[in-house]
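Its first residue numbered 21, the sequence shown is counted upward by one per residue in the working numbering. Glycine is no exception: its CB is placed at the ideal position from the N, C-alpha and C atoms.
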Amino acid sequence: MYWVYFVIQAILPFVLIPLSYLLFRWNRFKNERVYIYLLILFSAFLFDLMSISFRNQLFGLLFNFAVFVTLAQMIWVILRLKGRIVPLVLSSIAFSSYLLITIFWLVTAQPPESRMTTRQIDRYRAGEITYTLSRRLSRKVGGYPAYVFSLNRLIPATPFKKHLDSYVTPEGYFNSEYSVNWRETSEGVLLDLVADEDTLWSLGYTDEAR
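Right, dumping it as structure tokens:
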């Protein structure tokens, strides 16, 4: 499954530019598509503001792709403005930067558990609330490899989850054996992230914050 997800990640960036251009040149339903694009951008703004994302990684990837396609079409509009040197230069820089970042990611990613592939490693249910702990690989250029652990709360009756907090493992703990201790206190749920015998991260999530 993770290899399939990684292949999709590798293909979509190169599909973005030609697909956005074809949609830009396609005149049918042009006015109707504007409302769809506005809805996509507004949803992306709300997701980022409220730290909400899709539970399913593939859905999240496709949604982000739709956002980039929408933004790319805006750049195509700028490129058609004749005699506007500054917009042309800025749009060219944006496209070039996107391609360079995409190539860099493909070179440095570590499949199947790449930096953008999140693996759920544990979950805990407290009353009607379900929490999940996920992990992804983070490799800094010129630095040490590390894991990023993320604590999320599932939003009931929806395909979404809310991000609560993250923790990046320090140097020297990449090859450690990790375990998780969940416990409920009078103030809410407490999560202990243990590497070997060291407690690296303790995070509490109170009932009032729900």
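Residue i versus residue j - alpha carbon distance
i	j	result
Leu223	Thr138	20 Å
Thr90	Leu61	8 Å
Ala64	Ala92	15 Å
Leu66	Ile72	8 Å
Glu133	Phe74	At Glu133 the pLDDT is 47, less than 50, meaning the model places this residue with poor confidence; the figure from the coordinates comes in the next sentence. Taking the straight line joining both Cα atoms gives about 19 Å.
Thr205	Leu213	16 Å
Ala177	Leu42	36 Å
Ser40	Trp202	46 Å
Leu81	Tyr57	17 Å
Gln140	Met70	21 Å
Pro38	Ala146	47 Å
Thr150	Asn76	15 Å
Leu32	Leu59	21 Å
Pro131	Lys50	Its pLDDT being 46, under 50, Pro131 is placed unreliably in this model, and the value from its coordinates should be taken loosely. If I take the Cα positions, the gap works out to 39 Å.
Leu197	Ser186	Checking the displayed sequence, the identity of residue 197 turns out to be Glu instead of Leu. Each residue's alpha carbon lies about 19 Å from the other.
Leu36	Met94	13 Å
Arg155	Leu78	16 Å
Glu148	Asp218	31 Å
Ile98	Asn47	17 Å
Glu52	Asp68	25 Å
Ala129	Lys182	Reliability fails at Ala129, whose pLDDT of 48 lies under 50, so the model's placement of it is uncertain and no value is given.
Start-to-end residues for the beta strand (DSSP E) that takes in residue i
i	result
Phe180	180-188
Beta-carbon proximity of residue i to residue j, cut-off 8 Å
i	j	result
Leu184	Leu171	yes
Val188	Ala215	no
Val200	Asp142	yes
Trp221	Phe169	yes
Leu211	Leu153	yes
Phe34	Trp96	no
Tyr144	Val209	yes
Sheet register partners of residue i (DSSP bridge)
i	result
Gln140	Ser154
Phe74	Phe180
Trp202	Leu211
Thr219	Val214
Ser170	Ser154, Ser186
Ala86	Paired residue(s): none; Ala86 is not in a bridge.
Ile149	Ala146
Minimum Cβ-Cβ distance from residue i to chain D less than 8 Å
i	result
Arg155	Absent here is chain D; the protein component of the structure consists of one chain.
### Query
Is there contact between the region 182-196 and the region 76-91, where contact requires at least three CB pairs shorter than 8 Å?
Output reads no: the region 76-91 does not touch the region 182-196.
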